[in-house]
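To start, the structure under review is shown below, and the notes come after it.
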Amino acid sequence: MTLPHGDRPSEHQAARRAVEIAVALLGCALVGLALLANQGWLDRHFLPSFFLTRRTYVLLETIARCAIGGLGVCLAFVVRAPLARLVTRSPGRAVHVTVAAALALVASELVLRHAQLRPAEWLGRDQEPRRMADPRLGWRFVPSRTGRGTIGGRTVDYAFDAAGYRVRRTDDPVDIDRPTLLFTGESVMFGKGLTWDESIPAQVGAMLGVQSANLAVDGYGSDQAFLRMQAELPRFRRPVAVVGIFLTGLFGRNLDDDRPHLGPGLTWLPGVPHGRLRSLVQLVAPYRSDETVERGIAVTREIYDALVRLAADCGATPLVLVLQIGPEDPVEQALRRRILDAQRLPCLLVEIDSAWRVPGDVHPDARAARAIAAAVASRLRSSTTTTATMAEE
């Protein structure tokens with residue numbers, strides 16, 4: 199009758215040793231992860247960022263590696279035994295804590311779903327310039343209105359005509375019958391933080407004496423920008439040139455699937471709903487698998503090749519503006535070349551000073567926009583097709 203009672207201490211010790219081993223293994227796994235996730239591995243799975251400099255990005259990655267390794271060491275050598283004693287001494291409390299943590303995660307997911315969050319690039323519903331849902335593109339600007347946003351210490355007007363193109367004033371819409379330079383892209387091409395006259399499309403138009411149409415929309419990936427140009431270009435009677443934009447720091451957007459997007463073969467695909475917690479984790483730590491990156495590179499190649507062919511089929515001069523803010527590091531250069539160089543596309547690489555940004559923001563300022571516009575205008579002016587159309591005008 200005393201054997202079961204006598205075995206309890208040994209059972210307790212065995213349970214404690216099992217917990218210690220589990221905690222130690224977890225700690226070793228974290229240390230191993232920190233060691234294996236060297237800079238080469240990180241560069242493959244965490245893509246360059248438009249919003250952070252390479253130096254800052256590497257610093258944050260190093261801090262994360264040190265934190266993961268430090269946590270692993272702490273678990274394996276410092277808290278292993280105390281944690282095992284706590285768990286085996288009060289198993290009911292450990293169960294309660296685990297259940298509470300699980301319920302907290304479930305509750306957080308439900309709350310975030312109720313908030314109806316949209317893709318991160320959409321930003322806030324009421325942020326200027328305002329956006330509206332679009333079943334094919336994900337979102338677009340609200341047409342026929344003028345919004346005002348304060349950025350860089352000044353208030354900027356964002357006016358849109360009935361087609362949703364950015365214009366100087368709502369009563370001065372784009373004339374689809376006139377020779378036109380068409381620009382597509384995201385916030386840089388749109389001119390975030392810049393007046394209409396300071397934006398790249400407006401300056402190129404002024405330099406060449408040809409009307410410009412700004413089709414760019416904040417937060418767009420390359421696929422969304424292509425789809426918008428594909429839908430709008432047939433409306434124009436005399437397209438002179440089609441200018442797209444590529445930034446290596448924004449390539450990660452092309453891998454997002456939580457919005458309408460293009461897959462291999464430029465197949466249109468609807469957005470894939472993800473758990474809200476997963477989306478938040480992805481926003482903080484945007485890990486991409488090798489398969490996802492390779493697929494994104496292949497699809498992005500298809501997109502710019504299709505954009506060039508789309509322009510050529512309409513008799514317009516195609517151009518891909520490749521914008522580099524600050525010196526291009528080897529990681530950015532390798533990625534850019536893999537995407538664009540193999541296709542022999544009509545690209546124009548323009549590097550601007552990293553200090554030429556809107557105050558308190560990451561977007562290029564008026565000086566940068568003028569330098570970019572001058573380079574684009576010079577390239578288009580040298581085109582036989584563009585020159586001939588300008589002469590007719």
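The opening position of the sequence shown corresponds to residue 199 in the working numbering, with each subsequent residue numbered one higher. The C-beta atom is built at its ideal place from N, Cα and C for all residues, glycine as well.
- In chain order, what residues of the same chain lie with their CB nearer than 7 Å to the CB of C512, ignoring the 5 residues before and after it? L431 and P437
- Query: In chain order, what residues of the same chain have a beta carbon less than 6 Å from the beta carbon of G419, not counting five sequence neighbours either side?
  - Reply: R451 and N452
- Query: Does DSSP put N412 in a helix, a strand or coil?
  - Reply: strand
- Hey, would you say L505 sits closer than 8 Å to G463, going by beta carbons? no
- Straight-line Cα distance separating F424 from L406: 24 Å
- Message: Using C-beta distances below 7 Å, list every residue in its chain close to G362, excluding the 5 sequence neighbours before and after it, in chain order.
- Response: R338, F339 and P341
- Message: For the structure I just gave you, are there three or more beta carbon pairs, one from the segment 525-544 and one from the segment 388-406, closer than 8 Å?
- Response: no
- Query: Are there three or more Cβ pairs, one per stretch, closer than 8 Å when the segment 541-557 is compared with the segment 345-362?
  - Reply: yes
- Item | For R263 and A439, the rounded distance between their alpha carbons | 47 Å
- Counting only runs of 3+ residues fully inside the segment 378-429, write out the beta strand (DSSP E) ranges in chain order. 409-412
- Close Cβ partners of R433 (< 6 Å) along its chain, the five nearest in sequence each way excluded: I374
- Secondary structure, alpha helix (DSSP H): runs of 4+ residues fully inside the segment 224-266: 237-243
- Message: Quick check on the DSSP output: what are the complete beta strand (DSSP E) runs of length 3 or more inside the segment 496-569, in order along the chain?
- Response: 515-523 and 545-550
- Query: Under three-state DSSP, which class holds P462?
  - Reply: helix
- Expressed to the nearest angstrom, what Euclidean distance is found between the alpha-carbon atoms of H243 and L519? 26 Å
- Query: Who are T286's beta bridge partners in DSSP?
  - Reply: Per DSSP, none; premise fails for T286.
- Query: Going by alpha carbons, who is nearest to L521 out of A483, D369, D527 and E549?
  - Reply: E549
- Beta carbon of T368 nearer than 8 Å to that of F358: yes
- Using the C-alpha atoms, what's the distance from G383 back to D455? 18 Å
- When you compare only the Cα positions, how much space is there between Y502 and D527? 23 Å
- With DSSP run on the structure shown, which of helix, strand or coil describes A274? helix
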